[in-house]
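Peer 1: Attaching a single structure in structure tokens format; questions to follow.
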Amino acid sequence: MERVARCGICRVEIRDRAQIYQAGVNFGIVCIRCYKHFSSEDIELMANMFIAYGGYFGMQK
Numbered sequence: 000m001e002r003v004a005r006c007g008i009c010r011v012e013i014r015d016r017a018q019i020y021q022a023g024v025n026f027g028i029v030c031i032r033c034y035k036h037f038s039s040e041d042i043e044l045m046a047n048m049f050i051a052y053g054g055y056f057g058m059q060k
């Protein structure tokens, strides 16, 4: 069974692995829509905030 990847920002399912942007070593993956919408600095900042505040709205408790 193939594991479904999810965007680290908007949580959309990413089915096409070619549509994945790796946002740094520790920041997880980002969908192409978020990659085009946000700057790389914004993506890094959001990833750091999610890590600092317990994941995506507390999902990593």
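Its first residue numbered 0, the sequence shown is counted upward by one per residue in numbering that gives the first Met the number 0. By construction, the Cβ of each residue, glycine as well, lies at the ideal position given by its N, Cα and C atoms. Since the model is a prediction, treat every value here as computed from it, not as a measurement.
#1: So, helix, strand or coil for Met45, using DSSP?
#2: Are the Cβ atoms of Cys30 and Ile13 separated by less than 7 Å?
#3: Quick one: what does DSSP say Tyr52 is sitting in, helix, strand or coil?
#4: With distances taken between CB atoms, is the gap from Ile19 to Ile28 smaller than 7 Å?
#5: So within the segment 11-39, which uninterrupted beta strand (DSSP E) runs reach at least 3 residues, ignoring any that extend past its ends?
Peer 2: With the given structure in hand:
#1: helix
#2: yes
#3: coil
#4: Contact: yes.
#5: 19-21 and 28-30
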